[in-house]
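J.: I'd like to ask you about the structure that follows.
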Ligand SMILES: [Fe+2]
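Residue numbers (the working numbering): 296 to 693.
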């Protein structure tokens, strides 16, 4: 790597991390000037009582907490509108987003609509060709967000992106702006203990894929690289343990740290095409994001290997593979084999056909990936040159 490059790096404002830190929620919300926060969550978490500690902390700090528990697993434009309505009718002044990536993403879109004119879709990236700029730009923060993740994967608690599904077009649109980034990421590993093994596997795979994809992006981004590589090492050590025993708080804590840290890395450093596939296939198949990432990740790495063998050697080393003293090609192969073994151990090694994905859906997927590939291909170790290459990866994963 040459050190003569140039980069931008934006940091999250405030990360609070540790077991039991949910008790500090009230103090943190108050510190942001809130008197009436809106707690956004999904119905399942609400019925499990997951918001109780949060509500208690807010009450203890003298705040009046309203709860909106209708966030959907796949957030839709209509659900975001309902949350905006709940915020306004409840006279709220801050959002506590307690849940997985969908809840935290939804809260960012609520904040966007509270502070900016027009429709949410005006702010979604136009993912065609190399210019993804949206029709309108966010100019104002609508509300402070305290993000409280209950999964360890998306990193949404520290990123500035928000994905919301539009049932009319059948596409999840992405809005992104630094003003959408949560003001506080309150990361309490105890809240992730109740995640079932399949969700632990899917969300942990999201973190792993984001870390590897970010590290492989061809840009001068030493800070993101350092964070991503360390996160790969931690995920390699702890994801199996968190999957094997959800009550292992040490593993939960390590995974949450890794996921949040990867969020900081990739929101600055970017991602390569494993996410393009997962985003497109998510719209077409509605399979979980992390599951899709796990299915295609080894094939994406196989395809890119010839353009980034040296970097893959470092990924292999972070995953504990013996890569010293072997050729870069051999070291890279060992890294990909280590990723395959990890995916198999946490049972994210299925094929698309196992989920009833049809060949017609593969074709739609290939069309959509190719239509939007340019922006990411420009920074990938190996960008796409034609649609057959796009389809080749889908067929390998089928
Ligand atoms: Fe992701």
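Even glycine gets a Cβ: it sits at the ideal position worked out from N, Cα and C.
1. If we call anything under 8 Å between Cβ atoms a contact, is residue 558 one with residue 434?
2. Measure the CB-CB distance between residue 447 and residue 393 and report whether it falls below 8 Å.
3. For residue 552, does the count of other Cβ atoms within 10 angstroms reach 16, so buried, or fall short, so exposed?
4. Exposed or buried, residue 613, counting other C-beta atoms within 10 Å across all chains shown (16 or more means buried)?
5. What separation, rounded to the nearest whole angstrom, lies between the Cα atoms of residue 637 and residue 512?
6. Ends of the beta strand (DSSP E) at residue 312?
7. Thinking C-beta only, is residue 492 closer than 8 Å to residue 541?
8. Is DSSP giving residue 371 helix, strand or coil here?
9. Please work out which residues of its chain come closer than 6 Å, Cβ to Cβ, to residue 564, disregarding the five sequence neighbours upstream and downstream, and give them in chain order.
10. Alpha carbon to alpha carbon, how far is residue 659 from residue 582?
11. Tell me which same chain residues have a C-beta within less than 7 Å of the C-beta of residue 494, skipping the five on either side of it?
12. On a Cα-Cα basis, can you pick out the residue from 665, 580, 608 that is closest to residue 656?
13. Since residue 456 contacts residue 562 with CB under 8 Å, what's their CB separation in whole angstroms?
14. Excluding the 5 residues flanking residue 679 on each side, which residues of the same chain have their C-beta closer than 6 Å to its C-beta?
15. Give the list of continuous beta strand (DSSP E) stretches no shorter than 3 residues that lie fully inside the stretch 316–401.
16. In chain order, which continuous runs of the alpha helix (DSSP H) of length 4 or greater are located wholly inside the stretch 511–568?
17. So what does residue 470 bridge to, in DSSP terms?
18. According to the Cβ coordinates, are residue 340 and residue 375 closer than 8 Å?
19. For my contact list, residue 444 and residue 387 are in at a C-beta cut-off of 8 Å; report their separation, rounded to the angstrom.
20. Within the same chain, show all residues whose beta-carbon is closer than 6 Å to that of residue 602, passing over the 5 residues directly before and after it, in chain order.
21. Using CA atoms only, rank isn't needed, just tell me which of 465, 566, 476 is closest to residue 503.
22. Of the choices 624, 625, 635, 661, whose alpha-carbon is the least far from that of residue 576?
23. Would you say the stretch 523–540 touches the stretch 467–483, given that touching needs at least three Cβ pairs under 8 Å?
24. Can you check whether the C-beta of residue 316 is within less than 8 Å of a C-beta belonging to chain B?
25. Based on Cα-Cα distance, which residue from 605, 322, 620, 650 lies nearest to residue 631?
26. Quick one: Cα of residue 397 to Cα of residue 343, how far?
27. Please tell me whether residue 401 and residue 381 are closer than 8 Å, where the distance is taken between their beta carbons.
28. Return the chain-ordered list of same chain residues with a C-beta closer than 6 Å to the C-beta of residue 367, the five sequence neighbours on each side being excluded.
29. Answer yes or no: do residue 571 and residue 664 have a C-beta to C-beta separation smaller than 8 Å?
30. So residue 307 is in the beta strand (DSSP E); what residue range does that whole segment cover?
31. Could you tell me if the beta carbon of residue 568 falls within a distance shorter than 7 Å of some heavy atom in ligand 1?
32. What runs of the alpha helix (DSSP H), each 4 residues or longer, lie entirely inside the stretch 566–607?
33. Following the continuous alpha helix (DSSP H) through residue 440, name the residue where it begins and the one where it ends.
34. So, for residue 312: in the same chain, excluding its five sequence neighbours on each side, which residues have a beta-carbon less than 6 Å away from its beta-carbon?
35. Nearer than 7 Å: is that true of the beta carbon of residue 498 relative to any heavy atom of ligand 2?
36. Run through DSSP, which three-state label would residue 644 get?
T.: Reading from the atomic positions:
1. Position 263 of the chain shown holds residue 558. Position 139 of the chain shown holds residue 434. No, the pair does not count as a contact, with Cβ atoms beyond the cut-off.
2. Position 152 of the chain shown holds residue 447. Position 98 of the chain shown holds residue 393. Their beta carbons are not under 8 Å apart, which means residue 447 does not touch residue 393 by this criterion.
3. As a position in the chain shown, residue 552 is number 257, starting the count at 1. So residue 552 ends up on the buried side.
4. Translated into positions along the chain shown, residue 613 becomes position 318. It is buried - the Cβ of residue 613 has at least 16 other Cβ atoms within 10 Å.
5. Here residue 637 is taken as the residue at index 342 of the chain shown, counted from 1. Here residue 512 is taken as the residue at index 217 of the chain shown, counted from 1. Computed Cα separation, rounded: 22 Å.
6. As a first step, residue 312 is located in the chain shown; it is residue number 17 there, counting from the start. Here the beta strand (DSSP E) through residue 312 covers 310–312.
7. As a first step, residue 541 is located in the chain shown; it is residue number 246 there, counting from the start. As a first step, residue 492 is located in the chain shown; it is residue number 197 there, counting from the start. Contact: yes.
8. Stepping through the chain shown from its first residue, residue 371 is reached at position 76. Strand, per DSSP.
9. The residue you call residue 564 lines up with position 269 of the chain shown. Only 509, 512, 516, 519 meet the Cβ criterion.
10. Numbered from its first residue, the chain shown carries residue 659 at position 364. Numbered from its first residue, the chain shown carries residue 582 at position 287. If I take the Cα positions, the gap works out to 15 Å.
11. Here residue 494 refers to the residue found at position 199 of the chain shown. Answer for residue 494: 446, listed in chain order.
12. Along the chain shown, one-based indexing puts residue 656 at 361. Answer by Cα proximity: 580.
13. Taking the first residue of the chain shown as 1, we reach residue 456 at position 161. Taking the first residue of the chain shown as 1, we reach residue 562 at position 267. Contact flag correct, Cβ pair sits at about 7 Å.
14. In the chain shown, residue 679 corresponds to position 384, counting from 1. Excluding residues within five positions, the ones whose Cβ falls inside 6 Å are 668, 672, 685.
15. 332–337, 361–366, 389–394
16. 517–539, 544–564
17. The residue you call residue 470 lines up with position 175 of the chain shown. The partner list for residue 470 (beta bridge, DSSP) reads 457.
18. Residue 340 sits at position 45 when you count from the first residue of the chain shown. Residue 375 sits at position 80 when you count from the first residue of the chain shown. Going by C-beta atoms, residue 340 is not nearer than 8 Å to residue 375.
19. As a first step, residue 444 is located in the chain shown; it is residue number 149 there, counting from the start. As a first step, residue 387 is located in the chain shown; it is residue number 92 there, counting from the start. Wrong, their Cβ atoms sit about 21 Å apart, outside the cutoff.
20. As a working mapping, residue 602 is identified with position 307 in the chain shown. Excluding positions up to five away in sequence, the list reads 676, 677.
21. Your numbering for residue 503 matches position 208 in the chain shown. For the residues 465, 566, 476, the minimum Cα distance to residue 503 belongs to 566.
22. Here residue 576 refers to the residue found at position 281 of the chain shown. Out of 624, 625, 635, 661, 661 has the C-alpha closest to the C-alpha of residue 576.
23. no
24. Absent from the structure: chain B. Only one protein chain is present.
25. For the purposes of this step, residue 631 is taken as the residue at position 336 of the chain shown. Looking at the Cα atoms, 605 is the closest of the given residues.
26. To locate residue 397, count along the chain shown from 1; it is residue 102. To locate residue 343, count along the chain shown from 1; it is residue 48. Taking the straight line joining both Cα atoms gives about 18 Å.
27. Position 106 of the chain shown, counted from the start, is the residue given in the question as residue 401. Position 86 of the chain shown, counted from the start, is the residue given in the question as residue 381. Not in contact: residue 401 and residue 381 (Cβ atoms no closer than 8 Å).
28. On the chain shown, position 72 is the one that residue 367 refers to. Cβ within range, chain order: 374.
29. In the chain shown, the residue the question calls residue 571 occupies position 276. In the chain shown, the residue the question calls residue 664 occupies position 369. Yes. Within cutoff.
30. Within the chain shown, the letter at position 12 stands for residue 307. Run containing residue 307: none; DSSP gives neither H nor E here.
31. Stepping through the chain shown from its first residue, residue 568 is reached at position 273. No; taking the cut-off as 7 Å, the Cβ of residue 568 has no heavy atom of ligand 1 nearer than that.
32. 568–580
33. Residue mapping note: residue 440 aligns to position 145 of the chain shown, counting from 1. That residue, residue 440, is in no alpha helix (DSSP H); its beta strand (DSSP E) goes 439–444.
34. For this step, residue 312 is matched to residue 17 along the chain shown. Excluding sequence neighbours, residue 312 sits near 482.
35. In the structure on display, ligand 2 does not appear, and the ligands it does have are ligand 1.
36. Along the chain shown, read from residue 1 onward, the residue named residue 644 stands at position 349. If DSSP states are grouped into helix, strand and coil, residue 644 belongs with coil.
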